[in-house]
Amino acid sequence: MSTSLHGVPTERAISDALAELGRDLQSAGFEVVYGAPSLDDRALFRTQKLVAELFTTIVDTDNPLSRPAGDTSPSASRLHCAELVQQRAREQIEAFLTPPRGGRRRHCVWILPAVGTVAFPHNPRHGPTLVDGEAFPYWQPLLGYSYQAAATGHPAVAMPIGMAGGGGPPPLFPW
Numbered sequence: 001m002s003t004s005l006h007g008v009p010t011e012r013a014i015s016d017a018l019a020e021l022g023r024d025l026q027s028a029g030f031e032v033v034y035g036a037p038s039l040d041d042r043a044l045f046r047t048q049k050l051v052a053e054l055f056t057t058i059v060d061t062d063n064p065l066s067r068p069a070g071d072t073s074p075s076a077s078r079l080h081c082a083e084l085v086q087q088r089a090r091e092q093i094e095a096f097l098t099p100p101r102g103g104r105r106r107h108c109v110w111i112l113p114a115v116g117t118v119a120f121p122h123n124p125r126h127g128p129t130l131v132d133g134e135a136f137p138y139w140q141p142l143l144g145y146s147y148q149a150a151a152t153g154h155p156a157v158a159m160p161i162g163m164a165g166g167g168g169p170p171p172l173f174p175w
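In the UniProt record's numbering, the protein residues as written are 1 to 175.
Encoded structure:
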């Protein structure tokens, strides 16, 4: 279980709700291990952004995926780099979930928050998001967890785990 990831601002209410969930799971007889793989969150965000841009290009103009295999266009080169970043992140996550000497996987599910904040009214101007009173770029606490799952191709489910301060549900993101 990870109550936060490097580079993702996370409200204390979210971390506390996950810690409480961990205690509840332990009380129910589950083994709970706390930790997180060391992922390059900036590289993963750039990768996710690139994939989104290329998807828009495919939809709006032509289909780069139908180009010849030896295509060296900027789009093809950037997509290849994005795939390398995604592959490295997948390897880091698998290394985190698997014991050092091989063998059976130690984790059945990796539990993360869906976002780093409790629910709040939408900000259509995408102004700064406050996390425990500190301002961050709008997207950073909101996409920090979800794009890492999406960029690495891991299955994910987002679900509320209860109510937090201010009445908003703290979301849960089990992989």
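Backbone N, C-alpha and C fix where the C-beta goes; we use that ideal spot for every residue, glycine too. What you are looking at is a predicted structure, and each value in this text was computed from that prediction instead of being measured.
Contact check, residue i vs residue j, beta carbons under 8 Å
| i | j | result |
| --- | --- | --- |
| P141 | L18 | no |
| P9 | V131 | yes |
| E11 | V85 | no |
| L44 | Q92 | no |
| V33 | Q26 | no |
| G35 | S4 | no |
| A89 | L50 | no |
| I14 | G116 | yes |
| A135 | P124 | no |
One or two residues paired with residue i in a DSSP bridge
| i | result |
| --- | --- |
| N135 | In the sequence on display, residue 135 carries Ala and not Asn. Per DSSP, L130. |
For residue i, the nearest candidate out of the options (CA to CA)
| i | options | result |
| --- | --- | --- |
| H126 | V118, F120, G133 and P137 | P137 |
| R78 | Y145, R46, P128 and P124 | R46 |
| P37 | D16, H80 and H6 | H6 |
| H80 | L21, Q48, A95 and L97 | Q48 |
| L143 | A95, E20, T98 and D41 | D41 |
| I111 | Y145, E53, G29 and W139 | Y145 |
Contiguous alpha helix (DSSP H) assignments of at least 4 residues, all confined to the segment 7-36: 12-27
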